[in-house]
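Have a look at the structure below before the remarks.
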Amino acid sequence: MAHFLKKIASKSRELPRRLHLKASVCLALRSKAEIKDGPGLSHFIANSSRRPTTISPTLEQTTTYLSPEDYDGQGRMVKLVTYGCQMNVNDMEVVRSFLKQSNYNETEELQKADVVLLMTCSIREGAEEKVWRELKRIKHVAKRKQTVGVLGCMAERVRHKLFDQQGLCDLVAGPDSYRDLPRLLAVSRSGQHAINVQLSLEETYAEVAPVRQDSLTKTAFVSIMRGCDNMCTYCIVPYTRGRERSRPIDSILEEIRRLSGEGVRQVVLLGQNVNSYRDMSESTFSLNFDGIQSIPDFRTVYKPKQGGRTFATLLDLASRIDPEMRIRFTSPHPKDFPRPVLDLIAERTNICKQIHLPAQSGDNGVLERMGRGYTRELYLSLVEEVYARIPNVSLTSDFISGFCGEDEKAHQATIDLIKQVKYDFCYVFPYSMREKTKAYHKLVDDVPDDVKRRRHEELAAVFRNEAAKLHASLEGSTQLVLVEGESKRSKEKVSGRIDGGTKAIFDKMLDNGEILSAGDYVKVQVTSSNSQTLLAKPIARTTLSEWSACNVVELHFVNKTGLISALLALGFVTINLSTDSVGGPGEVAGLSLFLRVGTTNFQNTFIAGDMKRKITCQN
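Residue numbers (UniProt numbering): 1 to 619.
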């Protein structure tokens with residue numbers, strides 16, 4: 001013990017000597033090589049212009065003090081310009097609502113505007129080029145200083161370029177920052193650039209009542225969700241609109257009720273992928289649909305959501321609000337298509353028999369590189385199921401020509417798919433590579449532009465040829481049209497769409513002298529057609545309920561499994577067919593029905609064994 005205490009005392013006497021030695025060494029070194037001070041604030045200020053930042057902020061840092069009164073527009077005039085898809089149209093209606101609340105007034109005349117706001121699209125290079133041209137035109141023709149703002153997808157994607165173009169843009173607002181517009185406009189008036197492109201995980205503008213540009217129009221767009229989680233390799237949307245989030249059902253239904261009260265006769269439910277809609281809010285009611293929700297074997301890059309209320313629930317509740325209101329929706333993804341949705345479309349007379357099924361390509365290799373989550377064969381199996389459940393459905397689609405690695409064989413496979421499915425309409429675009437996408441980072445844009453254009457023209461020609469055949473089959477038929485407004489061709493004519501979505505044009509005046517207007521349901525007879533339009537003769541005003549009540553044909557026939565009853569929307573006739581009608585009593589093997597439905601004059605071909613008979617039904 002004594003030895004241990006002696007050792008501790010010895011070490012304690014050494015410690016001061018060691019500290020003194022270290023201090024002496026440090027002083028000696030410092031005197032030999034004096035440490036210089038680092039760069040000061042003046043250094044950074046002096047060099048701030050030498051190295052421009054490559055990433056601009058998502059939210060400006062302003063030192064200007066703004067009071068709530070500064071947010072007031074004080075009656076300033078604003079011109080709103082919309083580019084791109086239906087979602088942008090709806091977004092501009094949301095913007096219009098915020099501006100109206102802040103005391104801004106809208107004008108159509110550029111020279112009267114104090115503020116010009118452009119709602120932009122970034123899906124393709126051509127869409128952005130239109131915006132750049134318009135920004136330059138505004139600067140060139142403006143007779144006074146105006147606040148010019150860029151909103152939407154392009155605002156988020158190229159925010160670092162917009163302010164670099166001297167004098168073209170004063171304000172940038174992304175898809176999730178429209179609430180902030182009154183403040184951004186106030187910042188811009190103070191002489192600073194104003195920017196907010198922050199993306200949100202929650203923003204759906206659920207409580208906002210969109211303000212439509214034309215209050216007399218009878219069609220309205222209702223946003224049910226925002227963003228996208230699919231991450232298709234060619235698509236910029238997840239990067240410009242953010243992650244997928246669904247708007248609460250109660251909010252959507254309340255907006256549809258309000259629109260019904262305003263006399264709106266058609267609502268289009270909008271979402272980047274409506275089939276993955278899932279209301280996870282505090283409301284817990286949901287319909288109990290049996291069976292598998294989506295077609296098996298399709299793949300997804302994200303974990304499917306569990307619980308909450310689905311798109312089938314929303315579609316069911318929305319269709320019950322007003323039996324005289326048509327319901328459409330866009331756009332679904334083929335891999336998420338729920339069977340209950342197909343059943344609802346077949347069952348409800350006010351849910352239009354039109355489905356948009358974006359295929360993008362008919363080649364499995366291209367589909368794999370696109371990250372679509374299905375093969376050509378799976379897509380065709382879905383089409384077959386759609387036709388089986390909704391025989392009178394009209395299908396539309398999207399196609400991209402010249403995607404990375406697409407060769408002539410892959411292109412021909414897409415042509416064959418269009419011929420096989422027989423779409424009523426197709427949106428066809430040459431591929432335009434977008435920065436930030438997976439394709440930009442992992443694939444090579446190796447198809448020459450001239451080849452893309454040629455393939456684009458070939459796809460469009462094939463689609464138009466097939467669509468012309470479909471529309472020609474409607475000639476002589478009776479269709480229900482919802483009048484949308486005066487035709488661009490003539491003030492004496494109106495235009496609208498049949499249930500399947502094809503545009504129809506006909507005289508504004510009925511034979512009895514009545515004048516048709518937007519919101520009228522009209523029974524028309526198709527007289528001629530082309531690949532995009534039907535020309536028709538108006539017969540009489542009607543209602544959706546009246547049309548549906550007398551437009552039911554009941555088909556009864558027997559096959560090996562027994563009696564099958566199918567209720568199909570045809571035209572002003574009621575037919576009861578038994579096996580006697582198609583070749584005698586007893587079981588009929590391989591009975592098939594081929595229809596072009598939705599008509600009063602039509603031909604049905606029944607095939608039973610080697611027997612084929614055509615039956616023509618008239619009014």
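Ideal Cβ positions, reconstructed from N, Cα and C, are used throughout, including at glycine.
Spatial neighbours of residue 96 in its chain, beta-carbon cut-off 6 Å, leaving aside the 5 residues before and after = 211
Going by alpha carbons, who is nearest to residue 458 out of 443, 408 and 492?
-> 408
So does residue 375 have its beta carbon nearer than 7 Å to some heavy atom of the ligand COA?
-> The ligand COA is absent from the structure shown, which contains no ligands of any kind.
With DSSP collapsed to three states, give me the class of residue 173.
-> Three-state DSSP puts residue 173 in a strand.
Distance between residue 507 and residue 112 (C-alpha atoms, nearest Å) | In a straight line, the C-alpha of residue 112 is about 37 Å away from that of residue 507.
Residues of its chain near residue 182, where Cβ-Cβ distance is below 6 Å and the 5 sequence neighbours each way are ignored = 71 and 102
In chain order, which beta strand (DSSP E) runs of at least 3 residues are fully inside the segment 156-237?
-> 171-173, 194-196 and 219-223
Could you check how far apart the C-beta atoms of residue 510 and residue 467 are, in whole angstroms? I think they sit under 8 Å.
-> At roughly 29 Å, the Cβ-Cβ gap does not stay under 8 Å, so residue 510 and residue 467 are not in contact.
contact_flag[the segment 119-126, the segment 196-204] where n(CB pairs < 8 Å) is 3 or more | no
Report buried or exposed for residue 490, applying the criterion of at least 16 other Cβ atoms within 10 angstroms of its Cβ.
-> exposed
Please report how far the alpha carbon of residue 498 lies from the alpha carbon of residue 163, in whole angstroms.
-> Their Cα atoms are separated by approximately 46 Å.
Proximity below 8 Å, CB of residue 639 to CB of residue 186 = Missing from the structure shown is residue 639; the chain here goes from 1 to 619 and no further.
Secondary structure of residue 456, DSSP reduced to three states | helix
Please report the Cβ distance between residue 138 and residue 110, rounded to the nearest whole angstrom; I am assuming they are in contact, meaning their Cβ atoms lie under 8 Å.
-> 7 Å
Ends of the beta strand (DSSP E) at residue 426?
-> 425-430
Which of helix, strand or coil does DSSP assign to residue 108?
-> coil
Is the segment 386-394 close to the segment 429-446, with three or more CB pairs under 8 Å?
-> no
Any chance the segment 356-367 sits against the segment 313-327, with 3 or more Cβ pairs inside 8 Å?
-> no
Which residues DSSP lists as bridging residue 272, in chain order | Answer by DSSP bridge pairing: none, since residue 272 is not bridged.
C-alpha gap between residue 255 and residue 345, whole angstroms = 21 Å
Cβ pair residue 222, residue 268 closer than 8 Å = yes
Buried versus exposed call for residue 410 [16 or more other C-beta atoms within 10 Å across all chains shown] = Classification of residue 410: buried, given that the 10 Å Cβ count is 16 or more.
Identify the continuous beta strand (DSSP E) that holds residue 535 and give its terminal residues.
-> 533-542
Using alpha carbons as the reference points, say which of 115, 140 and 141 lies closest to residue 148.
-> 115
Is residue 530 buried or exposed, if buried means 16 or more other CB atoms sit within 10 Å of its CB?
-> exposed
Helix, strand or coil at residue 94 [DSSP, three-state] = Of the three classes helix, strand and coil, the one that applies to residue 94 here is helix, per DSSP.
Quick one: what's got a C-beta closer than 6 Å to residue 403's C-beta in the same chain, skipping five residues either side?
-> 366 and 431
What are the boundary residues of the alpha helix (DSSP H) that includes residue 261?
-> Its alpha helix (DSSP H) spans residues 249-261.
Residues near residue 167 by beta carbon distance below 7 Å, same chain, minus five either side = 139
Roughly how many angstroms lie between the CA atoms of residue 448 and residue 85, to the nearest whole one?
-> 27 Å
Beta-bridge pairing of residue 354 - partner residues as DSSP gives them | 394
Report the rounded CA-to-CA distance for residue 131 versus residue 157, giving the unit in angstroms.
-> Each residue's alpha carbon lies about 13 Å from the other.
Can you grab the Cα-Cα spacing for the pair residue 128 / residue 106, in whole Å?
-> 24 Å
Residue 142: which of 79, 188, 377 and 218 sits nearest, CA to CA?
-> The residue with the shortest Cα to Cα distance from residue 142 is 79.
Hey, quick one: how far does the alpha helix (DSSP H) through residue 149 stretch, first residue to last?
-> No alpha helix (DSSP H) contains residue 149, which is instead part of the beta strand (DSSP E) from 147-152.
Any C-beta of chain D under 8 Å from that of residue 491 = Here there is only one protein chain, and chain D is not present.
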